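Below is one structure, written out as structure tokens, with a few remarks after it.
In the working numbering, the protein residues as written are 29 to 313.
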């Protein structure tokens with residue numbers, strides 16, 4: 029079963045003094061393009077998180093966001109008393125002011141607050157990894173659901189191309205007769221005597237060049253292979269892309285050999301369906 033590269037997963041952790049929100053979003057990409065945004069206090073664990081996410085998602089443009097909101101009394105920022113008092117003393121030498129007003133100004137000055145970097149609590153990080161697992165499960169389920177929609181769309185369009193190919197083969201005898209009549213008319217307008225046997229041999233040779241039997245057989249095989257790949261256990265968007273190239277090659281050859289308006293109209297419809305498949309195949313994992 030195929031999977032889409034588009035997905036979204038979210039997990040919210042309620043810890044004693046923190047609320048941690050984990051979001052993972054993905055779009056289509058040729059490879060894995062992982063962008064991680066984590067608070068500076070968790071930076072040392074970024075590579076661990078990246079590797080873990082990469083093993084699960086494998087491909088796509090992925091945005092990983094880790095938001096931390098302090099809900100309890102814990103804070104890593106404290107007032108730098110020495111610096112604040114020094115600011116107040118310096119301002120007293122410049123202006124006479126109320127202590128409270130001087131304090132308000134001092135705490136706004138550079139280095140009035142200092143941030144003490146806390147070590148990551150391993151128990152807390154275990155909770156975060158559990159949240160990452162929940163978000164990954166959600167995004168992978170999203171990708172599977174989107175993949176099912178894509179699969180149904182692909183199968184419908186492949187069936188349309190198959191039906192159009194049947195119409196092409198149905199009118200092929202008419203096309204051959206049409207080409208034959210055009211050639212005979214062209215020769216008759218020359219008003220010259222033509223050896224009938226030689227003309228028939230040349231006509232057969234000419235019509236063989238416009239025979240589309242081989243293209244029809246190859247196209248049928250490619251359409252069948254595309255569906256088999258859809259039904260396989262692994263999701264492989266690149267492989268589907270290669271098969272669509274082969275399908276397109278056979279359709280184009282049939283179009284170049286058609287030389288008959290009704291058949292060319294059918295070929296245009298086949299190309300239209302194939303282009304829609306190609307666009308969607310870019311989003312398959």
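Note that CB positions come from ideal geometry on N, CA and C, so glycine has one too. Note that the coordinates shown come from a computational prediction; the quantities given were computed from them, not determined experimentally.
Nearest-angstrom beta carbon gap, residue 268 and residue 257 [assumed within contact, 8 angstroms]: 6 angstroms
Presumed contact (8 angstroms Cβ cut-off) between residue 97 and residue 46, rounded CB distance: About 7 angstroms separates the two Cβ atoms, so the contact holds.
Straight-line Cα distance separating residue 41 from residue 281: 58 angstroms
Which listed residue (70, 298, 188 and 229) has its alpha carbon closest to that of residue 208: 229
Beta-carbon proximity of residue 30 to residue 178, cut-off 8 angstroms: For residue 30 and residue 178, yes; Cβs fall inside 8 angstroms.
Coil, strand or helix - residue 60 by DSSP: strand
Span separating the alpha-carbon of residue 73 from that of residue 149: 11 angstroms
Spatial distance of residue 190 from residue 183 (CA atoms): 10 angstroms
C-beta contact flag for residue 140 and residue 107 at 8 angstroms: yes
Inter-stretch contact at 8 angstroms, needing at least 3 Cβ pairs: the segment 47 to 57 / the segment 275 to 289: no
Cβ-Cβ separation, residue 253 to residue 35 (assumed contact under 8 angstroms), whole Å: Residue 35 to residue 253, Cβ: 27 angstroms. No contact.
Through-space distance from residue 52 to residue 158, alpha-carbon basis: 14 angstroms
Option in 204, 264 and 211 with minimal Cα separation from residue 3: One cannot answer for residue 3 here, as it falls past the ends of the chain, which runs 29 to 313.
Alpha helix (DSSP H) runs wholly inside the segment 109 to 141, at least 4 long, in chain order: 109 to 120 and 127 to 134
Neighbourhood of residue 162 by C-beta, 7 angstroms cutoff - its chain only, sequence neighbours within 5 removed: Answer for residue 162: 39, listed in chain order.
Residues bridged to residue 54 [DSSP beta-bridge criterion]: 35 and 90
Integer Cβ distance of residue 287 from residue 238, believed to fall under 8 angstroms: Correct: roughly 6 angstroms between the Cβ atoms.
Coil, strand or helix - residue 98 by DSSP: The three-state reading of DSSP puts residue 98 in strand, counting E and B together.
Coil, strand or helix - residue 41 by DSSP: DSSP places residue 41 in strand when its eight states are reduced to three.
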